[in-house]
Amino acid sequence: MASFAKYIRLVLGALAFLLVVGASAPSKAQQVNPTASSVKEQQLLQELNRIEGRVSIPDQRSGVLVQPAGRDWREFRNVTLRWTGGIAILGMLAVLVIFYLRRGMVRLVSGRSGRTIVRFTAFERFVHWMTATCFVVLAVSGLNVTFGRPLLLPLIGFEAFSEWSQWAKYAHNYLSFPFTIGVVLIFLMWIGGNIPNKVDVDWMKRGGGLVGHDHPPAYRFNAGQKAVYWIVVIGGTAVAVTGYELMFPFYISGIEGMQLAQIVHSVVAVLFVAAMLAHIYIGTIGMEGAFEAMGSGTVDINWAREHHSLWLEEQNARASANDARPRATAAPAE
């Protein structure tokens, strides 16, 4: 029995000795040379996808501290987006200036007749101007996020830029709600007149009256106006949905989803601004009599005949039908 116990102690001692020797031996996995060329930041980021901490709020997704996609998003926001927005907006302005210098204002060939016809109702004009006003404020305040720091900050200083950016953020957030309502109302009001048809194809082939002095027929909305309509509806919906996702973080998606939403929001927004510059140009200095449609709600008969002849024919036919309809007479009182 004593020899067996001695044998057990000998075995345990040998195991303990091997364990001590193994623990003290250097491990190849732990031998990392911090100056080696193979140790790169990108490689480490690929190995470590994200770093998360512990938070006390219910939504645990807000505990994400570091994730590699954020570096790509920052590169897009600080470099790619600025180039994309600058080229789109400045490029559109350059095209409009060159076009105006070469073409000038599209004048009424037959002059003004002195007679007018109702083009848009008061409610339609209210919805248009409400949406347009909100859009201008949203565009200016949104562009400040992208271009304000490199362009505006050096001009007005830190204190003024901070104050301006704070109020711009408030305006951007709160005016998004009436803008969204306006987009929905525009969609519902004018969807019937903005379905593409064969007349639009002919209108585009003939230059829409902007190239040369041809005036192709069109219904209430021509192909160019239909394009603006769908840009407003689709683009407005895209910026509204992605904007609300950014306004209410972590309610819909995590940080990766919000980064994607910001990319979509910003790209659509700068292209939206560029397209609306063309719309504003045509509605003001680009075409004689166009602003009156949304200004007073009426347009000159000759303007309607030159730019929307099929719509004018429909209005005349409707008016003739109403005039030919017998009117009810009041019965004499007994």
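Reading the sequence shown from the start, the letters are residues -29 to -1, 1 to 305 in mature numbering (1 follows the signal peptide of the UniProt record, and there is no 0). For glycine and all other residues, C-beta sits at the position ideal for the given N, C-alpha and C.
Residue 185 sits in coil when the DSSP states are folded into three classes, being neither helix nor strand. In this structure, the CA atom of residue 111 is about 17 Å from the CA atom of residue 58.
Residue 293 counts as exposed, since fewer than 16 other C-beta atoms from the protein chains shown sit within 10 angstroms of its C-beta. By a beta-carbon distance limit of 8 Å, residue 230 contacts residue 41. Their separation comes to about 7 Å. Residue environment analysis places residue 169 among the exposed positions, since fewer than 16 neighbouring C-beta atoms fall within 10 angstroms of its C-beta.
Considering only 71, 203, 52, the residue with the shortest C-alpha distance to residue 246 is 203.
The Cβ atoms of residue 102 and residue 154 lie closer than 8 Å to each other. Under the criterion of beta carbons closer than 8 Å, residue 249 and residue 90 do not qualify as touching, at roughly 20 Å. When 50, 27, 55, 267 are compared, the shortest CA-CA separation from residue 239 is found for 55.
Distance check between residue 216 and each of 146, 235, 165, 280 places 235 closest, using alpha-carbon atoms only.
When DSSP states are grouped into helix, strand and coil, residue 208 belongs to the helix group. Rounded to whole angstroms, the Cβ separation of residue 274 and residue 260 is 4 Å, and the two are in contact under 8 Å.
Going by C-alpha positions, residue 44 is about 29 Å away from residue 65. Runs of the beta strand (DSSP E) lying entirely within the segment 235 to 273, each at least 3 residues long, are 269 to 271 in chain order. Ranking 206, 113, 172, 71 by CA distance to the CA of residue 140 puts 113 first. Using a Cβ distance threshold of 8 Å, residue 108 and residue 146 count as a contacting pair. Scanning the segment 64 to 136 from its first residue to its last, the whole alpha helix (DSSP H) runs of 4-plus residues come out as 93 to 118, 124 to 127.
For residue 196, same chain residues with a beta-carbon under 8 Å away, outside a window of 5 residues either side, are 165 in chain order. DSSP places residue 154 in the helix class (H, G or I) of the three-state scheme. As the crow flies, the alpha-carbon of residue 270 is around 8 Å from that of residue 86. The Cβ atoms of residue 180 and residue 278 lie closer than 8 Å to each other.
Per DSSP, residue 172 is one residue of the alpha helix (DSSP H) stretching across 169 to 176. By the beta-carbon neighbour count (other beta carbons within 10 angstroms, threshold 16), residue 159 is exposed.
Taking a C-beta distance under 8 Å as the contact criterion, residue 257 and residue 77 qualify as a contact pair. Following the DSSP letters along the chain, one finds residue 199 inside the alpha helix (DSSP H) bounded by residues 194 to 201.
Taking the CA atoms as reference points, residue 133 sits about 49 Å from residue 190. In this structure, the CA atom of residue 282 is about 17 Å from the CA atom of residue 95.
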